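Just remember that the working numbering sits 904 ahead of the position in the sequence shown, which is counted from 1.
One structure below.
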Amino acid sequence: MSERWTEQSIPDQRGRVAVVTGANTGLGFETARALAEHGARVVLAVRDVEKGKLAAARMSGDVTVQALDLTSLESVRDAAAELHTKHASIDLLINNAGVMIPPKQTTRDGFELQFGTNHLGHFALTGLLLDLLLPVPGSRVVTVSSIAHRSGGAAIHFDDLQWDRTYSRTGAYAQSKLANLLFTYELQRRLAPAGTTISVASHPGLASTELVRNPSAVLRLIAPVLGPLVSQDAAHGALPSLRAATDPAVLGGQYYGPDGRGELRGNPRVAPSSPQSYDQALQQRLWSVSEELTGVKFPETQPALVERTE
């Protein structure tokens, strides 16, 4: 694990199908681009199809676009149904899309925007696509979290999940990113008996992307000065996700992030997550609540293996 892992370390991805959410810009774009360049058939699952098409035109390889609005469970179900008609199997599902510290908003289903998009949307999408991954040996679900899950205020507010009483932009973001890890670890526990698909998490450190569309006044002031010193570009920020998705040495339940100081930048390696994220009772409670809120039940994880024909 000590050698530098770069984009050139990605093994041949020919014959593999990868679905990447939020792939028209930033980390998702760089993740999808690198997978396509290494031979994968890549699906850009994006809210804005026209922007997705423009992004696909900038990539080489087999790249297609799928409409997916994670703020709408109807759209998630429609996207999953379309992907079932287009693909007999999926090797990689990379839950990358997200929103960060917006003003208080809700999804079409009435969920707080960050929790609804970053966690519930991806929870539902994974559950609806899992039957396409389970028969494929070596398939993976990679969910992108954040170092924000370790912030002092990070918690799952079961008494006010949608922040109806009070709203903290950073608190709601931290909740959604903690939820990503709780989901990753509980999913891995459920997948382990099948032995075909693993669940892994990653975080980009501090990456300069369009995700930070709603910075605070302080951040706007200091970003031009400190940003270049502590952050990295989107291509480097995507490396933890790419390693989690493609490195043959990756194990289910691992979490990848940059190896630099504070995990803000650097080369991807296995990273620690907060003690709270490993709380199995918390994982299971969030899972049950997420099933109830989305109406999505995950399939049994004891599939018969299928042989690849491509």
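C-beta atoms are modelled at their ideal positions from N, C-alpha and C, and glycine is treated no differently.
Keep in mind it's a predicted model, so treat the numbers as computed, not measured.
Rounded to the nearest angstrom, how far is the Cβ of residue i from that of residue j, given a contact under 8 Å?
i: Ala985; j: Val1200; result: No, Ala985 and Val1200 are not in contact; Cβ-Cβ is about 13 Å, not under 8 Å.
i: Asp1151; j: Trp909; result: 7 Å
i: Val923; j: Leu997; result: 5 Å
i: Arg920; j: Ser976; result: So it is not a contact: roughly 28 Å between Cβ atoms.
i: Ser1080; j: His1023; result: 5 Å
i: Pro1176; j: Arg1169; result: The Cβ separation is near 17 Å, so there is no contact.
Using the Cα positions of residue i and residue j, report the straight-line distance between them to the nearest angstrom.
i: Val869; j: Thr935; result: Because the chain is modelled from 905 through 1214, residue 869 falls outside the range shown and cannot be assessed.
i: Asn1171; j: Gly1164; result: 7 Å
i: Asn1084; j: Ser1050; result: 9 Å
i: Ala1001; j: Gly1031; result: 16 Å
i: Pro1007; j: Leu1110; result: 21 Å
i: Ala1140; j: Arg1147; result: Per the sequence shown, residue 1140 should be read as His rather than Ala. Each residue's Cα considered, the two are about 11 Å apart.
i: Lys990; j: Leu1036; result: 11 Å
i: Ser1232; j: Asp1063; result: Nothing can be reported for residue 1232, as the shown portion of the chain is limited to 905 through 1214.
i: Gln1066; j: Glu907; result: 43 Å
i: Val1215; j: Gly926; result: The requested residue 1215 is not part of the displayed model; the chain covers only 905 to 1214.
i: Asn1118; j: Met1004; result: Per-residue confidence for Asn1118 stands at a pLDDT of 49, beneath the threshold of 50, marking its modelled position as unreliable; the derived number appears in the next sentence. Between Asn1118 and Met1004, the C-alpha separation is close to 7 Å.
i: Arg918; j: Ala1052; result: 35 Å
i: His1142; j: His942; result: In the sequence on display, residue 1142 carries Ala and not His. Straight-line Cα distance between these residues: approximately 15 Å.
i: Glu1016; j: Gln1009; result: 6 Å
i: Leu958; j: Ser964; result: 12 Å
i: Thr1101; j: Leu1034; result: 9 Å
i: Tyr1159; j: His1026; result: 17 Å
i: Thr1021; j: Arg962; result: 26 Å
i: Ser913; j: Ala944; result: 15 Å
Identify the residues that DSSP records as bridge partners of residue i: which are they?
i: Asn999; result: Thr1047
i: Leu972; result: In the DSSP output, where bridge partners are listed per residue, Leu972 has none listed.
i: Tyr1159; result: Ala1105
i: Glu1016; result: Thr1010
i: Thr925; result: Ala949
i: Val1174; result: Tyr1160
Where does residue i fall in DSSP's three states?
i: Ser964; result: coil
i: Asp982; result: helix
i: Glu1204; result: coil
i: Val1129; result: Annotation note: pLDDT 40 at Val1129 (below 50); position unreliable, no value reported.
i: Thr1198; result: helix
i: Val1154; result: coil
i: Tyr1071; result: coil
i: His1023; result: helix
i: Asp1035; result: helix
i: Trp1191; result: helix
i: Arg1054; result: helix
i: Ser913; result: helix
Just to confirm, does residue i get its C-beta within under 6 Å of one of the non-hydrogen atoms of the ligand NAP?
i: Ala1076; result: You won't find the ligand NAP in this model; it holds no ligand whatsoever.
Quiz item: Can at least three beta-carbon pairs, one atom from the segment 1056-1065 and one from the segment 975-984, be found at a separation below 8 Å?
Solution: no
Quiz prompt | Segment contact, 8 Å Cβ cut-off, at least three pairs: the segment 964-978 with the segment 948-955 | solution = yes
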